[in-house]
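Since the structure comes first, as structure tokens, the remarks are kept for the end.
Residue numbers (this note's numbering): 92 to 313.
The following block contains the structure:
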């Protein structure tokens, strides 16, 4: 109808608002904005909503008529003999005050929301710091427990007793150092199941009756 290429038609259809009143609602049942063109030259000028499209059509694209309408709207009609209401300046001043008050209220509301958000984030950070401190304390406690356990394994045992190979703990220790739970209790249970007995000597506690190997087929060492 307007001699547009497919690409030009896509560009026109991509405009999402009336190019006169900036409305994002077309006003047509189809929901599509009207393609506006100059009736004299046929040049496509843009897209318009239903109201603005009818506006130009009703004035037949007469610029003089549109300018006269603008002057009519800007005129202080309170001076007309049939209308003795408040002056335009007073009305404009009141409208401006209302707009400023509304903007101030929105700004204060946004500021209050931002302050609430800051307090929420501060509370979250406090909880994270507390959780981090608890985790650090627990790992320190677990480290002491593992050190005591290893001390029992490597304590010099009386001659003739079985020895537990220290390297057998390496895997459990690595898992714990990587963030796993403290393996002391599970290691105690495992040694008991293997038939180990925890004994005491003049050098301290030690495990007896166990010959662990770090690798299958490896010889038992101290």
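All residues carry an ideal CB built from backbone N, CA and C; glycine is no exception.
> What residues match up with residue 125 in a beta bridge as DSSP calls it?
Replying inline: Paired residue(s): 139.
> Under a Cβ-count criterion, where at least 16 other Cβ atoms within 10 Å of its own Cβ denotes burial, should residue 105 be classed as buried or exposed?
Replying inline: With fewer than 16 other Cβ atoms within 10 Å, it is exposed.
> Below 8 Å between beta carbons: does that hold for residue 130 and residue 136?
Replying inline: If you check the CB distance, residue 130 and residue 136 do not come in under 8 Å.
> In three-state DSSP terms, what is residue 150?
Replying inline: Residue 150 falls in the coil class under three-state DSSP.
> Would the beta-carbon of residue 126 fall within 8 Å of that of residue 138?
Replying inline: In this structure, residue 126 places its C-beta atom within 8 Å of the C-beta atom of residue 138.
>> If you reduce the DSSP assignment to three classes, tell me which class residue 200 lands in.
In response: Correct three-state label for residue 200: helix.
> In this structure, what does DSSP give as the bridge partners for residue 117?
Replying inline: Residue 117 is bridged by DSSP to nothing; it lacks a bridge partner.
> Cα-Cα, which of 92, 140, 155 is closest to residue 107?
Replying inline: Ranking the options by Cα distance to residue 107, first place goes to 140.
> Can you tell me whether DSSP reads residue 288 as helix, strand or coil?
Replying inline: The answer is strand: DSSP assigns residue 288 an E or B state.
>> Please state the DSSP three-state secondary structure of residue 111.
In response: In the three-state scheme derived from DSSP, where H, G and I count as helix and E and B as strand, residue 111 is classed as coil.
> Between residue 329 and residue 103, which are expected to be in contact by the criterion C-beta below 8 Å, what is the C-beta distance as a whole number of angstroms?
Replying inline: Any answer about residue 329 is impossible in this case: the structure gives the chain only from 92 up to 313.
> Taking the alpha helix (DSSP H) that residue 98 falls in, what are its first and last residues?
Replying inline: Run containing residue 98: 97-104, per the alpha helix (DSSP H) assignment.
> Secondary structure at residue 130, three-state DSSP: helix, strand or coil?
Replying inline: DSSP places residue 130 in coil when its eight states are reduced to three.
> Taking the alpha-carbon positions, what's the residue 134 to residue 92 distance?
Replying inline: About 11 Å.
> Under the rule that 16 or more other beta-carbon atoms within 10 Å means buried, what is residue 287, buried or exposed?
Replying inline: Result: buried.
> Is it buried or exposed for residue 109, if we count other Cβ within 10 angstroms and need 16 for buried?
Replying inline: By the neighbour-count rule (16 or more Cβ atoms within 10 Å), residue 109 is buried.
>> Considering Cα atoms alone, identify which of 291, 239, 123, 152 is closest to residue 132.
In response: Ranking 291, 239, 123, 152 by Cα distance to residue 132 puts 152 first.
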